[in-house]
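To keep things clear, I will list the structure first and then write my remarks on it.
Number of protein chains: 2
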Amino acid sequence: MATPAEKHLYPIVNTDVALFTLIDMQLRVLLIRRANRPDPGGWALPGGIIKPEIDHSLEDAARRMLVAKTAVNVPHLEQVMTYSGPHRDPRGWSVSVLFFALLPSDQVSAVAGSKTEATDWANPEKPGRRLSFDHDQMRVAALTALRTKVEHGALPLHLLPARFTLTDVQRACEAIMGRAIDKSSFRRQMKTARDLVPVAGAFVRGAQRPAQVYRAAAGFAF
Amino acid sequence: MATPAEKHLYPIVNTDVALFTLIDMQLRVLLIRRANRPDPGGWALPGGIIKPEIDHSLEDAARRMLVAKTAVNVPHLEQVMTYSGPHRDPRGWSVSVLFFALLPSDQVSAVAGSKTEATDWANPEKPGRRLSFDHDQMRVAALTALRTKVEHGALPLHLLPARFTLTDVQRACEAIMGRAIDKSSFRRQMKTARDLVPVAGAFVRGAQRPAQVYRAAAGFAF
DNA sequence: GCAATAGTGTCTATTAGACAATATGGG
DNA sequence: CCCATATTGTCTAATAGACACTATTGC
Numbered sequence: 001m002a003t004p005a006e007k008h009l010y011p012i013v014n015t016d017v018a019l020f021t022l023i024d025m026q027l028r029v030l031l032i033r034r035a036n037r038p039d040p041g042g043w044a045l046p047g048g049i050i051k052p053e054i055d056h057s058l059e060d061a062a063r064r065m066l067v068a069k070t071a072v073n074v075p076h077l078e079q080v081m082t083y084s085g086p087h088r089d090p091r092g093w094s095v096s097v098l099f100f101a102l103l104p105s106d107q108v109s110a111v112a113g114s115k116t117e118a119t120d121w122a123n124p125e126k127p128g129r130r131l132s133f134d135h136d137q138m139r140v141a142a143l144t145a146l147r148t149k150v151e152h153g154a155l156p157l158h159l160l161p162a163r164f165t166l167t168d169v170q171r172a173c174e175a176i177m178g179r180a181i182d183k184s185s186f187r188r189q190m191k192t193a194r195d196l197v198p199v200a201g202a203f204v205r206g207a208q209r210p211a212q213v214y215r216a217a218a219g220f221a222f
Numbered sequence: 223m224a225t226p227a228e229k230h231l232y233p234i235v236n237t238d239v240a241l242f243t244l245i246d247m248q249l250r251v252l253l254i255r256r257a258n259r260p261d262p263g264g265w266a267l268p269g270g271i272i273k274p275e276i277d278h279s280l281e282d283a284a285r286r287m288l289v290a291k292t293a294v295n296v297p298h299l300e301q302v303m304t305y306s307g308p309h310r311d312p313r314g315w316s317v318s319v320l321f322f323a324l325l326p327s328d329q330v331s332a333v334a335g336s337k338t339e340a341t342d343w344a345n346p347e348k349p350g351r352r353l354s355f356d357h358d359q360m361r362v363a364a365l366t367a368l369r370t371k372v373e374h375g376a377l378p379l380h381l382l383p384a385r386f387t388l389t390d391v392q393r394a395c396e397a398i399m400g401r402a403i404d405k406s407s408f409r410r411q412m413k414t415a416r417d418l419v420p421v422a423g424a425f426v427r428g429a430q431r432p433a434q435v436y437r438a439a440a441g442f443a444f
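Chains as they are written, first to last, in the numbering used here: chain A, 1 to 222; chain B, 223 to 444.
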């Protein structure tokens, strides 16, 4: 442990992650009930203090902690903002790098909370409880960052299984944006999107006209 | 000083700033010739290690270091990205929070380099030299962040004196974007911009029709 | 046939770019 | 008057939203 004097010289550095997924085509964010100090029992975004001896970067650290807390590895992790100050964490002057991450909807069941920490997939707009530290501010910032990307045309394919229909993509965008999107306009945009590749001969069938199945293009980046 | 073991437990945390201004209506970024280790003699963005005992946030730290190195206080400072890793700084595992800042063009002459460090206002697209550490990557990221904001309609009024003409704003945007902008389209947008307030009766005169003088609206935020 | 959803077409309002035209000063 | 730049107007192409229409299946 560092002495108090050293605490003044070296801030605590940690990462926090807003892990988004789709459950029943509704956008959800993962919250974890804290087992340890500070604020035991409080709900917070998953995160923790980085370990320079094993982490090669902040992204690596965030991914390591997500694997530790959820047992899943996410396909997309993206920096949102860095928070700082002497009082945001009761342990002292701290720096926290916030990421958002996307988890495919078909991997939600693979998420396992650790034995000492309960988990909850909360509505990111109305989580229904206050979050520890400044994590409410982080939640809003992460949601805004995600929406901004989708607003500007990025396709949230990492929230979907490997194969999906255009309707799936539209539902995902609607869940993120929190509003309905016109089908015709949306598909017009999809036609010019090079990220989508139709899977020849693959259709989703049901009590309606079959829907073309797509996959993400090779080299797709959210 | 921390021992090597402590260095492994606590990363170095520092801030770096890409300080932009306009010189002869050309976009420039401030580089500082490093006086100390590591990489003495190298050119880099101004920055340094934060001091938790005096800094209340990373923004404060970045501002403090800018004042120390340039003797000017900037009207706008904005977070771009946080860089990290064990090798980006030879002193060990480090975290660096990058900001960009805007300096009004009429305050360039107030910038004073310290006695031990030379300064240069470089072209941010082609600085003409390699930068220390990962600062070339930072330079590109800061320029991109600035351009993205202006592309999306933000007015870079913090680069201009308190009073300016619409042509000044257009020239500033052109300098940032690196391309010509159509006068008519630009002014159409300005008409709907609530950030601009015409100064009644104030005109810039010359060998042509007088130009209306504007100021930033109260509460203007870049 | 009917329900349900996939996929397409059409109209319109808005917007950005190109470019022309006009306005108003100094000299 | 002439020059230079401010300011405005016009035309057009591209785009997004609203909404209607057609297509293809299971039952």
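C-beta atoms are modelled at their ideal positions from N, C-alpha and C, and glycine is treated no differently.
Let's test the definition: count the other Cβ atoms within 10 Å of the Cβ of residue i and tell me whether it reaches 16, buried, or not, exposed.
i               : result
D328 of chain B : exposed
N236 of chain B : buried
V140 of chain A : exposed
H135 of chain A : buried
A44 of chain A  : buried
S84 of chain A  : buried
K291 of chain B : buried
A5 of chain A   : Its pLDDT being 43, under 50, A5 of chain A is placed unreliably in this model, and the value from its coordinates should be taken loosely. A5 of chain A comes out exposed.
G423 of chain B : exposed
D55 of chain A  : buried
G128 of chain A : exposed
R91 of chain A  : exposed
In this structure, how does DSSP classify residue i when only helix, strand and coil are distinguished?
i               : result
E174 of chain A : helix
R33 of chain A  : strand
M303 of chain B : strand
H152 of chain A : coil
D39 of chain A  : coil
D328 of chain B : helix
R179 of chain A : coil
A364 of chain B : helix
R437 of chain B : strand
T167 of chain A : helix
L160 of chain A : coil
L249 of chain B : strand
Would you verify that the beta carbon of residue i is, or is not, closer than 8 Å to some beta carbon of chain B?
i               : result
L143 of chain A : no
S96 of chain A  : no
M81 of chain A  : yes
V13 of chain A  : yes
H76 of chain A  : no
H56 of chain A  : yes
Hey, does residue i have any beta-carbon neighbour from chain A nearer than 8 Å?
i               : result
S306 of chain B : yes
L231 of chain B : yes
P274 of chain B : yes
M399 of chain B : no
W315 of chain B : yes
Quick check: what's the CA-CA separation for residue i versus residue j?
i               : j               : result
L381 of chain B : F408 of chain B : 18 Å
F164 of chain A : E275 of chain B : 53 Å
F425 of chain B : P383 of chain B : 15 Å
A207 of chain A : L77 of chain A  : 37 Å
A224 of chain B : P233 of chain B : With a pLDDT of 43 at A224 of chain B, under the threshold of 50, the predicted position of this residue should be treated as unreliable, though the coordinate-derived value follows. About 11 Å.
K191 of chain A : I23 of chain A  : 27 Å
A110 of chain A : N73 of chain A  : 10 Å
H374 of chain B : R352 of chain B : 30 Å
R431 of chain B : T389 of chain B : 13 Å
A218 of chain A : P260 of chain B : 41 Å
P326 of chain B : L418 of chain B : 17 Å
K273 of chain B : Q137 of chain A : 25 Å
A257 of chain B : G335 of chain B : 12 Å
Quick check on the DSSP output: the alpha helix (DSSP H) that includes residue i runs from which residue to which?
i               : result
S354 of chain B : Looking at the DSSP string, S354 of chain B is not in any alpha helix (DSSP H), and its letter there is neither H nor E.
M224 of chain A : The shown model of chain A, from 1 to 222, leaves out residue 224 of chain A, and the question about it has no answer.
A61 of chain A  : L58 to T70
Starting from residue i, trace the beta strand (DSSP E) both ways and give me its first and last residue.
i               : result
S316 of chain B : S316 to L324
R91 of chain A  : Premise fails: R91 of chain A is in no beta strand (DSSP E) and is neither H nor E.
N236 of chain B : I234 to I245
P198 of chain A : L196 to G206
G113 of chain A : Per DSSP, G113 of chain A belongs to no beta strand (DSSP E) and is neither H nor E.
D55 of chain A  : Careful: D55 of chain A lies outside any beta strand (DSSP E) and carries neither H nor E.
A122 of chain A : T119 to A122
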